[in-house]
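Visitor:
Protein chains in written order, with the numbering used here: chain A, 240 to 462; chain B, 0 to 496.
Okay, here's the thing in structure tokens:
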């Protein structure tokens, strides 16, 4: 939970408790803690959310010890609004009213993917660990934006911005180690459609510590 | 009764919870927060929302990700009432993104001129690059010269009155919809604005009370003005934009539910000479009436079957063994799959001129379990039901590719006219204001967006002479054109050919 903000609803608190309790890959301690917090969730949701977030962050550090180097090209899919808010170079972002006006500009260019790549922020880390949900690139082959949204079980509308992370570049970035996400990873992302059984049709999601910008080989625009 | 301060506090708490629940890196956080906060608000609560959003700024200041979402909300939804809170935050933080947000809001005529002056003073006192100064100047002054091509685009977006030549610079720009707040109500206003943002519009609010006159370039010939105040809106805005025309003013009925908001969105898109908006498929567009969950629903009586299938009472009786209606309280009722079967059979025999057509088509479609959309379903003359697969159609039972003649059901659902007979209405929209869905009131044609059967309205209207006023009084939430349309449709249901 970001410092200084104690907020959230009882519904969110109870969702967090439920997914932690149900994920038997997690340690007994955090699962017991979630059960204890259930009694408080309805009356003091901000406090419970805050506690679960801290516990989840600690547990994520422990789980990261089991992470392995990636073995294939990966991809990270986000909405154009998230690209605008978090991946666009600040000076570019300030030249637009909002994400919608940027989307219209990108769509009017002959090579939208190249436009996005050129406008990408220069920050060293492109995806902080908790937000680095990726999928083997081969599992997106031939999918249009609607199919991608269905495949990765997110609720936003197309277009989809696909960050391409080639294995060659991932290997050069020594910090990149991936593992299968579990309940505590869904918490910071508020990934309420997350399922313990993973994505449908055998697709696999992976989560990393931090993904450096140097691992980004290109960006695709799937309208 | 709650005081304004109580309401603002309640809305601040609601907004904080929404910001706590939203993922800052998923989907469209600003829209999700907006939807979450505005859903189900009462009129007074909705009125208190803008001030409350401003007041939570300092609470989010230590959470950069949530703060960015809030600034995005204030800009995108034109929450100009937050200007005083923004200025306080800027004075204490010097946050450039907050300054840009304030600059986006400053031209709104609801902003106090003293606040605009204060904003300019704060900008002048800040150490900024030339580029950032230009970024701000473009937002505050339509005569500022853009230093980059993208800033030229920004100026055209923010100051539509500066655009030269109709349609020449609209490529790459989002359509602007101005929402006039005279005679409107904040609760549905926020939901409508949420719909507009979701559809890709830039929203410009026109507050009921102006604290300053808008700059002339703030409006222009490409802006559509949505107004509930009729000609008053035009009279108020015309002096500030010489190139505005009557066609830009869209008089609106108060949208009372999601469906009427969707209809309004389509009207706006037409006024924008669209498609300019990204409008989701109509939530009642009943391609989904063919889905497995819907296809076997419905309970149509004989008069509805005759009207909607374009058939005759005698034919319906003759086909009783093939269609196998349910008997209830000594009446016969047919489900939607049986209606589709009868309509398709009638369509096929008229198309082929074979009036003694075998009933295989009927049995095939009655047995069919449903699919995604009518465009994916077809039927052959011998009653084999086909579903779309790849580039062609396959038998839904065997999976075999079919090459013989077939008819797609979306053709069957189009309105039909044959000889001198009364036309068969379209499905799922028998008329402009009525709609059929097997899961809604048994499938009988209802007023679009309401669960009110057309035949009930027609029945009421037929009780005496000049009963229209009586019907309007009974259903005050339904617009008059929809009532008149429903009476016509309901009359045909009650008195089929």
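We treat Cβ as the ideally placed atom computed from N, Cα and C, and that holds for glycine.
Just the C-alpha distance for residue 321/A and residue 425/A, rounded to the nearest angstrom, thanks.
Guide: Going from the Cα of residue 321/A to the Cα of residue 425/A covers about 17 Å.
Visitor: Counting along the chain, where does the alpha helix (DSSP H) carrying residue 469/B start and finish?
Guide: Counting along the chain, the alpha helix (DSSP H) containing residue 469/B begins and ends at 467 to 473.
Visitor: Using a Cβ cut-off of 9 Å, which residues of the segment 75 to 104 of chain B contact any Cβ in chain A, in chain order?
Guide: Within the segment 75 to 104 of chain B, the residues whose Cβ lies closer than 9 Å to some Cβ of chain A are 75, 95, 96, 99 and 103, listed in chain order.
Visitor: Looking at the C-beta of residue 356/A, does it have a partner C-beta in chain B at a distance below 8 Å?
Guide: By this cut-off, residue 356/A is not an interface position.
Visitor: Just the C-alpha distance for residue 24/B and residue 304/A, rounded to the nearest angstrom, thanks.
Guide: Cα to Cα, the separation comes out at about 25 Å.
Visitor: Are the C-beta atoms of residue 25/B and some chain A residue less than 8 Å apart?
Guide: Output row for residue 25/B: interface = yes.
Visitor: For residue 260/B, which of helix, strand or coil comes out of DSSP?
Guide: The answer is helix: DSSP assigns residue 260/B an H, G or I state.
Visitor: Taking only the alpha-carbon atoms, compute the straight-line gap between residue 431/A and residue 390/A and give it to the nearest angstrom.
Guide: C-alpha separation (whole angstroms): 15 Å.
Visitor: How many Å lie between residue 31/B and residue 378/B at the Cα?
Guide: Their backbone Cα atoms lie some 43 Å apart in a straight line.
Visitor: Out of curiosity, what's the CA-to-CA distance linking residue 486/B and residue 407/B?
Guide: Looking at the two C-alpha atoms, the distance is approximately 31 Å.
Visitor: Hey, does residue 429/A have any beta-carbon neighbour from chain B nearer than 8 Å?
Guide: Residue 429/A counts as touching chain B.
Visitor: With distance defined between alpha-carbon atoms, name the residue in 460/A, 273/A, 325/A and 412/A nearest to residue 290/A.
Guide: The option with the nearest alpha carbon to residue 290/A is 273/A.
Visitor: Give the residues from the segment 331 to 344 of chain A that approach chain D closer than 9 Å (Cβ to any Cβ), ordered along the chain.
Guide: Although the question refers to chain D, the structure presented lacks it and instead comprises the protein chains A and B.
Visitor: With a CB to CB cut of under 8 Å and the five nearest residues on each side skipped, what residues in its chain are close to residue 246/B?
Guide: 270.
Visitor: If you measure beta-carbon to beta-carbon, which residues of the segment 127 to 160 of chain B are closer than 8 Å to chain A?
Guide: Listed by position, the residues of the segment 127 to 160 of chain B near chain A (Cβ gap below 8 Å) are 130, 131, 134, 147, 149, 150, 152, 153, 156 and 157.
Visitor: If you measure beta-carbon to beta-carbon, which residues of the segment 6 to 26 of chain B are closer than 7 Å to chain A?
Guide: Against chain A - using a Cβ distance shorter than 7 Å - the residues of the segment 6 to 26 of chain B are 15, 16, 18, 19, 20, 21, 22, 24, 25 and 26.
Visitor: Is it a yes or a no for the segment 353 to 370 of chain B touching the segment 421 to 436 of chain B, going by three-plus beta-carbon pairs under 8 Å?
Guide: As far as the Cβ criterion goes, the segment 353 to 370 of chain B does not touch the segment 421 to 436 of chain B, which means the pair count is below three.
Visitor: Would you list, in chain order, the members of the segment 217 to 240 of chain B that have their beta-carbon closer than 9 Å to a beta-carbon of chain A?
Guide: Listed by position along the chain: nothing, the set is empty.
Visitor: Bridge partners for residue 176/B per DSSP, in chain order?
Guide: Answer is 202/B and 223/B.
Visitor: Indicate the three-state DSSP secondary structure (helix, strand or coil) for residue 387/B in the structure shown.
Guide: In this structure, residue 387/B counts as strand in the three-state DSSP scheme.
Visitor: For a cutoff of 8 Å on Cβ pairs, would you count residue 460/A as touching chain B?
Guide: No - not a single Cβ of chain B is within 8 Å of the one on residue 460/A.
Visitor: Roughly how many angstroms separate the alpha carbons of residue 341/B and residue 401/B, rounded to a whole number?
Guide: One C-alpha to the other measures close to 23 Å.
Visitor: Taking the beta strand (DSSP E) that residue 376/B falls in, what are its first and last residues?
Guide: Segment 376 to 379, the beta strand (DSSP E) holding residue 376/B.
Visitor: Going by DSSP, name the residue or residues bridged to residue 332/B.
Guide: Partner(s): 325/B.
Visitor: How is residue 368/B classed by DSSP in three states: helix, strand or coil?
Guide: Correct three-state label for residue 368/B: coil.
Visitor: Which residue's Cα is closest to the Cα of residue 397/A: 250/A, 268/A and 460/A?
Guide: The shortest C-alpha separation from residue 397/A is found at 460/A.
Visitor: Taking 8 Å as the threshold (C-beta atoms), are residue 365/A and residue 342/A in contact?
Guide: In this structure, residue 365/A does not lie closer than 8 Å to residue 342/A by Cβ.
Visitor: From the DSSP secondary-structure annotation, give me the bridge partner or partners of residue 299/B.
Guide: In the DSSP output, where bridge partners are listed per residue, residue 299/B has 333/B.
Visitor: So is residue 242/A in contact with chain B if we call contact Cβ pairs under 8 Å?
Guide: With a pLDDT of 37 at residue 242/A, under the threshold of 50, the modelled position of this residue cannot be trusted, and the question is left open.
Visitor: Measuring only the C-alpha atoms, how far is residue 338/B from residue 463/B?
Guide: The straight-line gap from Cα to Cα measures roughly 32 Å.
Visitor: For a test of the three-state rule: what should DSSP assign to residue 366/A, helix, strand or coil?
Guide: DSSP places residue 366/A in strand when its eight states are reduced to three.
Visitor: Measuring only the C-alpha atoms, how far is residue 92/B from residue 125/B?
Guide: Taking the straight line from one Cα to the other gives about 11 Å.
Visitor: Quick one: which chain A residues come within Cβ less than 7 Å of residue 173/B?
Guide: Within chain A, the residues near residue 173/B are 339, 340 and 343.
Visitor: Using a Cβ-Cβ cutoff of 9 Å, what residues of the segment 387 to 405 of chain A are near chain B? List them in chain order.
Guide: Residues 393, 394, 395 and 396.
Visitor: Going along chain B, which residues have a C-beta under 9 Å from residue 251/A?
Guide: Residues of chain B passing the Cβ test: 16, 19 and 20.
Visitor: Answer yes or no: does any C-beta atom of chain A fall closer than 8 Å to that of residue 497/B?
Guide: Chain B is shown from 0 up to 496; residue 497/B falls before or after that span and cannot be answered.
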